[in-house]
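Mapping the sequence shown onto the working numbering, position 427 (from 1) lands on 538, and the numbers just tick up by one.
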Amino acid sequence: MSEEKRIGKILKAIKDRVQEEVKILLGADFAISGAETALLSKEDIFDELAGKQICARMDILAGENKAKGCLLIGIKDAIRLGGTLIMLPDSELEEFVGREDYSEEIEDSYGEIANIIAGSFTKDFEEMHPKGYRFVRKEQEILLPVKIEPESDEPVPNTVYYRVIFTMTLEGDALGSMVMLMPGEFFGLDISGIEAAKTEPVADESVEECFEGEQQKPETGETAPSDLIEPKKIDVKKHKARIDRLLEECRKRLQTEVSELLGTTVRFTELDNYFTTKEEFFDNHIDGKHVIADMEAVGDSQGMSYFVASLADAINLGGVLIMLPPNELGAAVTKEDFSEDIEDAYGEVANIVSGVYTAIFEENYIEKLRFIKKKLTTVVPVKVEAEGDEPIINCRYYVSRLQIAIEENELGSVHMLFPVELLQLEDFFTEDEKGFEPKKDPVEFRERDAIDGEKNGPSFGSGGARAGDSRADLEKRQKKVDKLLAICRKKMEEEVTALLGADVRFSGMENRVITKEEFFEEQVVGKQVFANMEVAGDLEGMSYFSVDIKDAIRIGGVLIMLPSSELENAVTNDDFSDDTRDAYGEIANIVAGVYTEIFEDQYSKKLRFIRREVCDVSPLKVDIDSDELSQFFEAGD
């Protein structure tokens with residue numbers, strides 16, 4: 112039998128013994144599952160840990176030979192186990208856990224549990240292994256995995272360990288992991304191919320002296336001390352994995368602390384971390400109005416981070432905090448009423464968010480970072496200019512996205528944006544990507560499109576680009592317009608449904624640039640009803656809302672509550688009566704109002720749509736060369 116198989120069998124017995132003996136000691140339902148095992152370097156083991164740990168050092172003996180190992184457990188779990196042993200009241204225990212208060216009394220009681228665990232390992236190894244390994248629990252300490260130097264002998268020597276992970280539950284509640292580190296070579300395991308971290312060469316003492324007090328300037332021709340000591344390179348993949356673990360810790364703590372603040376269950380789920388630029392974030396990751404909380408990062412590094420939530424979610428969070436009645440809160444969300452009281456309340460939520468990220472990054476990150484909540488800004492993504500530094504700085508970001516819910520009410524996503532330099536993630540990119548600059552439009556496009564614009568005349572209704580617009584500009588503008596049209600579709604669905612008192616769906620949206628001729632010859636068949644929409648504001652012109660006459664009759668008929676048989680007869684005969692026409696006109700008013708609300712508020716130019724006459728149009732009779740209808744259409748079918 113291989114040594115690893117032998118140890119695997121022993122660990123199964125240890126699992127049962129630990130579970131039974133700790134359960135008896137606590138007088139509570141304690142269970143462990145596992146064990147998950149792996150041979151790993153000290154560096155890899157501590158890289159995979161997150162949050163404060165209680166480390167119980169172990170002397171491991173085999174005859175006259177001795178080695179070092181340790182038992183690791185999260186500080187909150189150690190407090191919960193120790194507090195259960197000394198029978199702390201539930202409310203008091205939760206306070207200790209929340210504050211991570213590892214008091215002397217709790218330390219002593221957890222020490223008894225660590226003794227039981229060490230004893231369980233000893234009993235089964237003595238009974239089942241020929242070398243009769245013994246585990247002797249020594250001193251405990253609180254440690255932060257991110258602060259552990261792999262090359263040092265603290266808290267354990269720099270070697271390869273057989274890591275054993277058990278997952279714990281207490282009274283049916285899931286806890287974290289219990290980790291035992293056993294030196295692999297000492298237990299006769301094959302550690303070939305697994306490297307411990309290499310010790311860095313120590314700098315000459317004379318060089319170190321240069322950094323005591325005022326730094327001495329090197330004489331001409333001499334090498335500066337800073338050139339003699341190469342900064343330690345970061346393994347960027349491991350570093351990113353470490354940051355991702357910290358962001359998971361932030362997610363858990365956000366869930367706890369925001370729930371406590373609001374006095375209700377708040378869930379942060381579906382953690383998704385990704386790289387992006389300012390432009391990509393506003394173009395591809397968020398829609399509709401959002402609230403940005405500036406988070407100034409201070410400490411060992413400085414910069415600006417940002418916590419971004421939709422306006423609706425900010426109103427929901429703030430409204431719950433000030434205990435708005437559900438109907439008032441629903442109305443505030445619908446009207447996007449971010450009142451002073453709600454804004455102040457949401458600011459308190461943002462303070463909690465900054466405190467959570469501060470607590471995790473100040474204690475667990477390789478640098479001390481604090482996040483200070485500054486101003487709140489309401490923004491419309493399609494109005495954000497990528498090249499500027501408002502409302503956020505134009506740079507690369509590492510974004511942590513979370514899905515949020517209050518009790519059973521599923522909300523949207525929140526995003527925490529960190530500049531990549533702040534988290535030392537700039538080396539994650541290729542050399543080309545590292546030289547990121549805001550995109551510039553090629554001169555040839557600017558010049559060519561300017562000429563096209565002059566040939567074609569004014570842009571509105573001309574089909575040509577405005578002078579100075581590049582192809583990239585046009586593509587960006589089209590993407591922004593498409594996003595607004597998607598918002599219009601959803602809003603129309605809601606408002607027409609409310610007006611008719613019936614479920615109305617607008618689906619299969621497709622946006623395209625098309626000529627008048629193409630529209631009437633290829634896109635529509637049969638008689639249409641056109642609602643002419645005058646465009647006013649920063650631009651002027653005419654737009655048109657077109658619906659098949661049968662659909663217009665059906666919609667108008669539902670509004671005036673025509674009996675089903677009468678409505679079907681009118682649809683069959685294309686009977687667009689005055690009453691039905693007037694009713695359909697009300698629908699067209701709703702449509703005009705929706706487009707006005709969205710384009711006046713969220714487009715780069717303020718546009719209003721005013722419904723004018725409603726007329727019947729037979730596509731085959733339309734004079735393509737006349738100006739009776741616009742020459743070009745931006746048609747959303």
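We put the beta carbon where it would ideally sit given N, CA and C, even for glycine.
Delimiting residues of the alpha helix (DSSP H) encompassing residue i
i    : result
E216 : 215 to 239
Y827 : Nothing about residue 827 can be reported from this structure: the residues present for the chain run from 112 to 748 only.
E697 : 689 to 713
N427 : 422 to 432
G209 : 201 to 210
For residue j and residue i, believed in contact at Cβ under 8 Å, the rounded distance
i    : j    : result
L183 : V290 : 4 Å
I483 : E407 : 5 Å
K163 : L292 : 17 Å between Cβ atoms; not a contact.
L435 : A443 : 7 Å
D170 : K249 : 6 Å
D398 : I598 : 7 Å
A167 : Q251 : 5 Å
Where residue i falls: helix, strand or coil (DSSP)
i    : result
K363 : helix
G194 : helix
F449 : coil
T278 : strand
S676 : helix
E114 : helix
D383 : strand
Q130 : helix
E542 : Confidence is the limiting factor: at E542 the pLDDT is only 48, short of 50, which leaves the residue's position unreliable, though a coordinate-based value still follows. Note: E542 maps to helix in three-state DSSP.
N684 : coil
P730 : helix
K187 : helix
I125 : helix
Q589 : helix
F744 : With a pLDDT of only 40 at F744, under the threshold of 50, the placement of this residue in the model should not be trusted; the figure read from the coordinates follows. Reduced to three states, the DSSP call for F744 is strand.
K389 : helix
S416 : strand
A178 : strand
D736 : coil
L534 : coil
K486 : strand
G243 : coil
G374 : coil
G119 : helix
E724 : strand
G648 : strand
L358 : helix
L435 : coil
Span of the beta strand (DSSP E) around residue i
i    : result
R152 : The question names Arg, but residue 152 in the sequence shown is Ser. Counting along the chain, the beta strand (DSSP E) containing S152 begins and ends at 141 to 152.
D659 : 652 to 659
V826 : Not covered by the structure: residue 826. The range shown for the chain is 112 to 748.
V493 : Note, V493: premise wrong, no beta strand (DSSP E); not H, not E.
I498 : Here residue 498 turns out to be Glu, not Ile, going by the sequence shown. Per DSSP, E498 belongs to no beta strand (DSSP E) and is neither H nor E.
H401 : 401 to 410
Q164 : 164 to 173
contact_flag[the region 490 to 501, the region 379 to 394] where n(CB pairs < 8 Å) is 3 or more:
yes
Runs of alpha helix (DSSP H) wholly within the region 593 to 646 (minimum 4 residues, chain order)
none
Taking one C-beta from the region 115 to 134 and one from the region 207 to 223 each time, how about it: are there three or more such pairs within less than 8 Å?
no
Could you tell me whether the region 515 to 535 touches the region 394 to 414, where touching means 3 or more Cβ pairs closer than 8 Å?
yes
Quick one: complete beta strand (DSSP E) runs, 3+ long, within the region 247 to 307?
271 to 281, 284 to 294
Looking at C-beta atoms only, is the number of pairs between the region 625 to 632 and the region 643 to 654 that lie closer than 8 Å three or more?
no
Any chance the region 144 to 155 sits against the region 259 to 270, with 3 or more Cβ pairs inside 8 Å?
yes
Can we say the region 355 to 371 touches the region 477 to 491, given the rule of at least three CB pairs closer than 8 Å?
no
Check whether the region 659 to 673 touches the region 607 to 620, taking contact to mean three or more Cβ pairs, one atom from each stretch, closer than 8 Å.
yes
Any 3 or more C-beta pairs closer than 8 Å across the region 134 to 153 and the region 233 to 244:
no
Touching by the beta-carbon criterion (3+ pairs, under 8 Å), the region 454 to 468 and the region 358 to 374:
yes
Are the region 580 to 591 and the region 630 to 641 touching, with three or more C-beta to C-beta distances below 8 Å?
no
Three or more C-beta pairs closer than 8 Å, one from the region 718 to 725 and one from the region 693 to 706: is that the case here?
yes
Are three or more beta carbon pairs between the region 502 to 513 and the region 189 to 201 nearer than 8 Å?
no
Any chance the region 444 to 461 sits against the region 414 to 424, with 3 or more Cβ pairs inside 8 Å?
yes
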